[in-house]
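Residue numbers for the sequence shown, in our numbering: 8 to 246. By construction, the Cβ of each residue, glycine as well, lies at the ideal position given by its N, Cα and C atoms. Here is the structure we will look at, set down as structure tokens.
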Amino acid sequence: MERLDPWGTGLPEDYSRLMQEFGIRPLEELLPKIPDPLHLMRRGVIFGHRDFERVLERMVGNGRYAVMTGLMPSGKMHLGHKMVVDQLVWYQRKGGEIFLCIADMEAFSARGIPYEKGREIAFEEYLLNCEALGLELERCRVYFQSRSQEVQGLAYSLARKVNFSEVRAIYGFSGETHLSHLYYPMIDVADILHPQLEKFGGPRPTVVPVGVDQDPHLRLARDVAAKFSEEYGFLPPSS
Numbered sequence: 008m009e010r011l012d013p014w015g016t017g018l019p020e021d022y023s024r025l026m027q028e029f030g031i032r033p034l035e036e037l038l039p040k041i042p043d044p045l046h047l048m049r050r051g052v053i054f055g056h057r058d059f060e061r062v063l064e065r066m067v068g069n070g071r072y073a074v075m076t077g078l079m080p081s082g083k084m085h086l087g088h089k090m091v092v093d094q095l096v097w098y099q100r101k102g103g104e105i106f107l108c109i110a111d112m113e114a115f116s117a118r119g120i121p122y123e124k125g126r127e128i129a130f131e132e133y134l135l136n137c138e139a140l141g142l143e144l145e146r147c148r149v150y151f152q153s154r155s156q157e158v159q160g161l162a163y164s165l166a167r168k169v170n171f172s173e174v175r176a177i178y179g180f181s182g183e184t185h186l187s188h189l190y191y192p193m194i195d196v197a198d199i200l201h202p203q204l205e206k207f208g209g210p211r212p213t214v215v216p217v218g219v220d221q222d223p224h225l226r227l228a229r230d231v232a233a234k235f236s237e238e239y240g241f242l243p244p245s246s
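In structure tokens:
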């Protein structure tokens with residue numbers, strides 16, 4: 008099985024095999040049903056999905072759904088970030104409630120960037136550009152991981168049903184991986200699932216627009232959602 012590294016720079020060699028291995032379905036099969044699809048969808052840049060039908064049903068029926076993604080404040084904003092923001096703008100106009108995470112804990116654990124520096128980058132580089140690209144930040148739930156008690160508390164609770172063997176199989180962690188990096192995937196899972204907490208309106212379809220390199224986080228989040236479906240009522244996140 009191919010292993011993807013969310014913190015690396017490599018790309019898969021065979022996208023078709025990757026989609027088959029990880030249960031990613033071609034988005035083109037849903038394009039005729041998507042109202043005014045984003046240009047990235049029409050051109051095949053966004054090429055795959057998991058359970059997007061659940062979100063599409065709410066979108067077409069004017070129902071409630073959430074959109075959750077994050078930006079790691081580690082440097083200059085680039086074209087990849089812009090494509091994510093373009094999706095957020097599109098979803099916002101289609102009625103989705105946007106949860107935008109500033110992943111300062113990830114920047115600290117994976118890149119060694121101090122929290123204050125990450126905060127500075129987020130405000131001066133990422134959030135200003137998001138607004139310039141058309142995202143209405145006042146209508147989004149924007150938060151920093153390091154300052155979200157909901158995310159940190161949920162991560163700790165969810166971690167009791169995830170063991171080292173699971174995260175090692177997904178991420179390839181070794182005995183040299185430091186503990187803050189080992190624990191970080193649970194923060195990411197909590198980011199993805201916390202829009203379904205009662206405080207934010209309870210369980211609902213949630214779509215996570217990310218690149219294929221971030222798929223390990225989605226797979227872990229879907230596994231964890233299934234383990235806690237009775238306790239929290241979580242629906243598996245779509246992508």
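DSSP three-state call for Phe175: helix, strand or coil?
A quick correction: the sequence has Arg, not Phe, at residue 175. Note: Arg175 maps to helix in three-state DSSP.
For Gly50 versus Arg211, is the C-beta spacing smaller than 7 Å?
This sequence places Arg at residue 50; Gly is not what is there. Not in contact: Arg50 and Arg211 (Cβ atoms no closer than 7 Å).
Leaving out five residues on either side along the sequence, give the residues of the same chain with a beta carbon under 6 Å from the beta carbon of Glu132.
Met84
Closest by C-alpha distance to Arg57, when choosing among Val74, Pro39, Pro33, Pro80:
Pro33
What are the boundary residues of the alpha helix (DSSP H) that Ala110 is part of?
Looking at the DSSP string, Ala110 is not in any alpha helix (DSSP H), and its letter there is neither H nor E.
On the three-state DSSP scale, how would you describe Ser245?
strand
Work out the CA separation of Glu127 and Pro244 for me, nearest whole Å.
30 Å
Whole angstroms are fine: how far does the CA of Phe59 sit from the CA of Gln203?
17 Å
From the DSSP output, in three-state form, read off Gly125 for me.
helix
Taking just the CA atoms, how far does Ala176 sit from Glu9?
At Glu9 the pLDDT is 49, less than 50, meaning the model places this residue with poor confidence; the figure from the coordinates comes in the next sentence. Between Glu9 and Ala176, the C-alpha separation is close to 11 Å.
Cα separation between Phe171 and Tyr178?
10 Å
Using C-beta distances below 6 Å, list every residue in its chain close to Ser259, excluding the 5 sequence neighbours before and after it, in chain order.
With the chain covering only 8 through 246, there is no way to say anything about residue 259.
Would you say Thr76 and Val91 are within 7 Å of each other, going by their C-beta atoms?
yes
Assuming Asp220 and Gln152 form a contact by the criterion Cβ under 8 Å, report the distance between their Cβ atoms to the nearest whole angstrom.
Not really, about 19 Å apart at Cβ, beyond 8 Å.
Express the C-alpha separation of Met48 and Pro80 in angstroms, rounding to a whole number.
26 Å
Can you find the residues in the same chain that come closer than 8 Å, C-beta to C-beta, to Gly87, ignoring five residues on each side of it along the sequence?
Gly218
Output needed for Lys234: all residues of its chain with C-beta closer than 7 Å, excluding positions within five of it in sequence on either side, in chain order.
Lys168
Indicate the three-state DSSP secondary structure (helix, strand or coil) for His188 in the structure shown.
helix
Distance, Cys108 Cα to Arg229 Cα:
19 Å
For Tyr239, three-class secondary structure by DSSP
helix
Are Lys101 and Met66 touching if we call contact CB-CB under 7 Å?
yes
With a Cβ-Cβ cutoff of 7 Å, do Leu142 and Val174 count as a contact?
no
8 Å CB neighbourhood of Leu45 in its chain, flanking five on each side removed
Ile53, Asp93, Gln94, Trp97
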